[in-house]
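Have a look at the structure below, then the notes.
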Amino acid sequence: MNEELIDQISNILSIDIHEENIEKLHGDASTRTYWRINTQEGSWVISEEEPFTEETDFINISNYLSKHNITVPKIIKTLPKQGIIILQDAGNVLLYRLAKDQPSKAQKQYDQIIDILIRLQTDLPKDNKCVAFKRAFDVDKWLWELEHTENYFFNRLLKTKLSTAQTNTLRAGFKTISNTIDLTNLTFCHRDFHSRNILFYNETLYLIDFQDARLGPPLYDLISILRDCYITLPQKTEQDLIARYKSKTKKPIPNFEEQYTITALQRHLKACGTFAYQHIERKNNFYLQFIQKTWQMILEESKQIPNLTNFHTLLTNLKLPETIQ
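The opening position of the sequence shown corresponds to residue 3 in my numbering, with each subsequent residue numbered one higher.
As structure tokens, this is what we get:
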């Protein structure tokens, strides 16, 4: 962060900011850079990205969620020409970290997380000014994500040498998955509703990284948090939370178990593509540690789907490199 920008932020916040007050933060799989400014007067988070001339998706969706009482870090000020957003500091305790360090305390938050999800899906009114309601998951989007996974995960990370027949089996599986996910009752979908995108601060849960929100199947976000690529919930906890979700949702989901499994399979295949992309294109190795866990979920899920037998057999015969086992 350059001195001119520091001075500008200092004037906006009416505080003195020195180099020792600024800490660079580790973001998630994002192109943005985050900083924390911590002074005696208070602390703030600075999001830095490319300059923007219009309202960004993040700002648009943040304003919408705040308007409808979904807790997100408050936007203090934007500096579009500098690509800067000054945000409320909601701490650095991700649900992911809480689950690692204080699992019993984290477990107690999941009922509340399910309740937040229900609110996102049933209480938020459609608003055409919110970009999330102008885009939606569809078959083409599912297929694009899985083709991305084929390129980055199967071809470039695993360096898989598939025959023509095997490639056809893989792609046929992708088409089956994409065409089986129910798209008839779409709801507001955070898109990345997992433990690394939920902050726990002052006994309150804050949602972050929601700029890709769109309309999607209601089970997508449920799967993202209950079959998280980053942490493993006990099976009983997962089932109890599913029961809580079913009891509170206003729209029962037909073929729940089948849809839960097939949507999870798409989500996890997509995640492996993202992890591989981060490693290959952005030289970010952090996500490699989560591939083994995610891959095991993929194998378990594909095994449960009768019309993916050949696809499952193909996957079981693939070997993960030792560096990510």
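C-beta: ideal position from N, C-alpha, C; glycine also.
It should be emphasised that the depicted structure is a prediction, and the values quoted were computed from it without experimental measurement.
Counterpart residues of residue i in DSSP-defined beta bridges
{"i": "W46", "result": "I39, Q90"}
{"i": "L217", "result": "A138, F190"}
{"i": "L27", "result": "Y36"}
{"i": "I200", "result": "L209"}
Residue i to residue j span [Cα, whole Å]
{"i": "Y289", "j": "I255", "result": "32 Å"}
{"i": "K110", "j": "A92", "result": "19 Å"}
{"i": "T263", "j": "D9", "result": "52 Å"}
{"i": "C132", "j": "T325", "result": "42 Å"}
{"i": "N319", "j": "L301", "result": "11 Å"}
{"i": "I116", "j": "L243", "result": "7 Å"}
{"i": "T162", "j": "F156", "result": "6 Å"}
{"i": "Y247", "j": "S226", "result": "14 Å"}
{"i": "L164", "j": "T178", "result": "19 Å"}
{"i": "H192", "j": "N286", "result": "24 Å"}
{"i": "I61", "j": "I77", "result": "8 Å"}
{"i": "Y203", "j": "Q280", "result": "28 Å"}
{"i": "D142", "j": "L271", "result": "15 Å"}
{"i": "S197", "j": "Q123", "result": "18 Å"}
{"i": "L188", "j": "L100", "result": "31 Å"}
{"i": "E240", "j": "L15", "result": "43 Å"}
{"i": "E43", "j": "S64", "result": "25 Å"}
{"i": "T296", "j": "C231", "result": "6 Å"}
{"i": "T206", "j": "P308", "result": "42 Å"}
{"i": "K79", "j": "D211", "result": "18 Å"}
{"i": "F190", "j": "A215", "result": "7 Å"}
{"i": "E1", "j": "Q306", "result": "Summary: the structure shown does not reach residue 1, with the chain confined to residues 3 through 327, and so no result is reported for it."}
{"i": "K252", "j": "K26", "result": "43 Å"}
{"i": "N4", "j": "N181", "result": "49 Å"}
{"i": "M299", "j": "K107", "result": "25 Å"}
{"i": "N257", "j": "I39", "result": "49 Å"}
{"i": "Q104", "j": "Q291", "result": "21 Å"}
{"i": "A174", "j": "N13", "result": "58 Å"}
{"i": "N94", "j": "P75", "result": "12 Å"}
{"i": "T311", "j": "W144", "result": "20 Å"}
CB contact flag (residue i, residue j, <8 Å)
{"i": "K1", "j": "I120", "result": "Here the chain comprises residues numbered 3 to 327, so residue 1 is not present and cannot be evaluated."}
{"i": "E152", "j": "L172", "result": "yes"}
{"i": "F135", "j": "L217", "result": "yes"}
{"i": "L235", "j": "L96", "result": "no"}
{"i": "P127", "j": "I183", "result": "no"}
{"i": "I282", "j": "L322", "result": "no"}
{"i": "I24", "j": "I86", "result": "no"}
{"i": "A278", "j": "Y112", "result": "no"}
{"i": "L89", "j": "W46", "result": "yes"}
{"i": "Q213", "j": "D59", "result": "yes"}
{"i": "T73", "j": "L185", "result": "no"}
{"i": "W37", "j": "E50", "result": "yes"}
{"i": "E303", "j": "A245", "result": "no"}
Selected residue, minimal CA-CA separation from residue i, among the options
{"i": "A167", "options": "F313, F195, K26, H20", "result": "F313"}
{"i": "Q268", "options": "W146, I326, L27", "result": "W146"}
{"i": "N71", "options": "D125, K79, E57, I19", "result": "D125"}
{"i": "E57", "options": "R38, Y36, K83", "result": "K83"}
{"i": "F139", "options": "F258, Y222, I210, N199", "result": "Y222"}
{"i": "N199", "options": "N187, I233, L188, T186", "result": "I233"}
{"i": "L228", "options": "R158, F195, E303, S180", "result": "F195"}
{"i": "F54", "options": "L67, Y66, R34", "result": "R34"}
{"i": "Y66", "options": "I39, H28, Q104, N130", "result": "N130"}
{"i": "Q2", "options": "L224, E52, R284, K69", "result": "Summary: the structure shown does not reach residue 2, with the chain confined to residues 3 through 327, and so no result is reported for it."}
{"i": "C274", "options": "L159, Q261, K69, T169", "result": "L159"}
C-beta neighbour in chain D for residue i, strict 8 Å
{"i": "F190", "result": "Protein chains in the displayed structure number just one, and chain D is not present."}
*asked:* For a minimum of 4 consecutive residues, which ranges assigned as the alpha helix (DSSP H) are wholly contained in the segment 70 to 124?
replied: DSSP runs (the alpha helix (DSSP H)) wholly in the segment 70 to 124: 97 to 103, 105 to 109, 112 to 124.
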